[in-house]
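Engineer: Here you go, one structure.
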Amino acid sequence: MNTMNMAGTFALGDRKVKRMGYGAMQLAGPGVFGPPKDRDAAVAVLRAAVEAGIDHIDTSDFYGPHVTNQIIREALHPYPDDLTIVTKIGAKRGPEGTWDLAFTAAELTQAVHDNLRNLGLETMDVVNLRLMFDVYGPAEGPIEEAVTTLAELQRQGLVRHIGLSNATARQVSDARKICDIVCVQNMYNVAHRHDDALIDDLARDGIAYVPFFPLGGFVPLQSATLSGVAARLGATPMQVALSWLLQRAPNILLIPGTSSVAHLKENLAAVDLVLPDDVIRELDSIGAMAAAHN
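In structure tokens form, the structure reads like this:
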């Protein structure tokens with residue numbers, strides 16, 4: 185657990201964070217809706233993460249809704265000075281747990297205030313604008329009004345830094361004409377590599393890329409190649425997938441989530457796993473095969 189620094193650090197605006205972070209989505213109930221079955225366990229995972237050296241937690245007030253942020257506050261407030269909390273806005277939950285658009289200036293402003301209140305903060309370190317033109321992946325659509333709203337909240341001191349989630353390369357470029365963008369958070373893993381060029385472009389400009397669903401998310405990645413590599417290395421498929429991401433580019437920040445302290449420790453051990461070049465090439469073939477089938 186003392187090897188967290190092995191993965192290095194990267195900048196989120198004026199914040200420097202370790203490249204292995206923690207995503208809090210799984211702390212809510214089933215379907216990221218309602219309370220967890222074991223709130224004490226959720227609190228324990230957060231405390232274990234910070235004790236292990238994690239200084240970057242990803243969350244949102246629409247997890248639950250409100251539940252995850254309230255658990256973070258219960259577990260960690262007052263927060264360590266070096267802890268960076270990143271949230272996302274742009275969606276809301278319907279009464280049946282649907283993921284609905286919440287993209288007007290009023291809704292975005294309210295979402296920032298909701299995050300601040302439930303987390304017990306006066307300023308959010310980073311707010312990612314979650315684009316919802318297609319819930320299942322990036323899709324083109326206008327973002328100028330929404331980004332301008334966030335930039336105004338930044339001027340008011342409620343938001344320190346701004347990022348994008350579920351964004352296309354064009355939307356990232358458009359947003360950067362309005363304000364500084366410190367990170368992009370999209371789905372990306374060893375099989376889902378649509379953002380390869382974007383990651384490299386962001387790296388050149390010192391902008392973080394934060395992949396979610398390292399094993400495929402709601403549709404888990406099934407790969408005999410990944411499982412075979414993991415078995416040979418005496419690691420779990422998740423550890424191999426996380427290590428591959430760490431070695432893919434220096435600007436990649438990881439936020440694997442779990443509601444279990446045991447799984448948390450397994451995930452953190454990925455920083456100790458260095459994949460040889462031949463293994464990297466073998467894993468790269470997964471993405472090539474996936475692209476050929478699409």
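Quick note on the working numbering: the sequence shown kicks off at 185 and runs consecutively. Every residue gets a Cβ at the ideal spot worked out from N, C-alpha and C, and that includes glycine.
1) On the three-pair Cβ rule with 8 angstroms, is the segment 248 to 260 touching the segment 289 to 303?
2) State yes or no: is the C-beta of N451 within less than 8 angstroms of the C-beta of M422?
3) Give me whichever residues DSSP pairs with A392 in a beta bridge.
4) With R344 as the anchor, note down where its beta strand (DSSP E) starts and where it stops.
5) Would I346 pass as a contact of I365 if the rule is Cβ separation under 8 angstroms?
6) Alpha carbons only, please: which of M190, D468, A392, D198 is nearest the one belonging to I238?
7) Tell me whether G205 is buried or exposed, calling it buried when 16 or more other Cβ atoms sit within 10 Å of its Cβ.
8) For the segment 270 to 354, list the beta strand (DSSP E) runs that are entirely contained and at least 3 residues long, ordered along the chain.
9) May I ask you to list the residues that DSSP assigns as paired with A195?
10) Hey, out of P214, R203, V234, P395, whose CA is closest to V445's CA?
11) Between which residues of its own chain and G325 is the CB-CB distance below 6 angstroms, once the five residues before and five after are set aside?
12) Give the list of continuous beta strand (DSSP E) stretches no shorter than 3 residues that lie fully inside the segment 187 to 264.
13) Is the Cβ-Cβ distance between L448 and L438 less than 8 angstroms?
14) Could you give the DSSP three-state label for M185: helix, strand or coil?
15) How do the segment 188 to 203 and the segment 338 to 357 stand: do at least 3 beta-carbon pairs fall below 8 angstroms, yes or no?
16) Can you tell me whether R432 is buried or exposed? The criterion is at least 16 other CB atoms within 10 Å of its CB, across all chains shown.
17) In the DSSP assignment, find the alpha helix (DSSP H) that holds K361 and state where it starts and stops.
18) Throw me the rounded Cβ distance for the D245 and A208 pair, which I believe falls under 8 angstroms.
Structural biologist: Concretely, from the data shown:
1) yes
2) yes
3) C367
4) 343 to 349
5) yes
6) M190
7) buried
8) 275 to 277, 283 to 285, 308 to 314, 343 to 349
9) K200
10) V234
11) F317
12) 193 to 196, 199 to 202, 240 to 242
13) no
14) With a pLDDT of only 42 at M185, under the threshold of 50, the placement of this residue in the model should not be trusted; the figure read from the coordinates follows. Coil, per DSSP.
15) yes
16) buried
17) Element bounds for K361: n/a, residue is neither H nor E.
18) Contact flag wrong, Cβ pair sits at about 11 angstroms.
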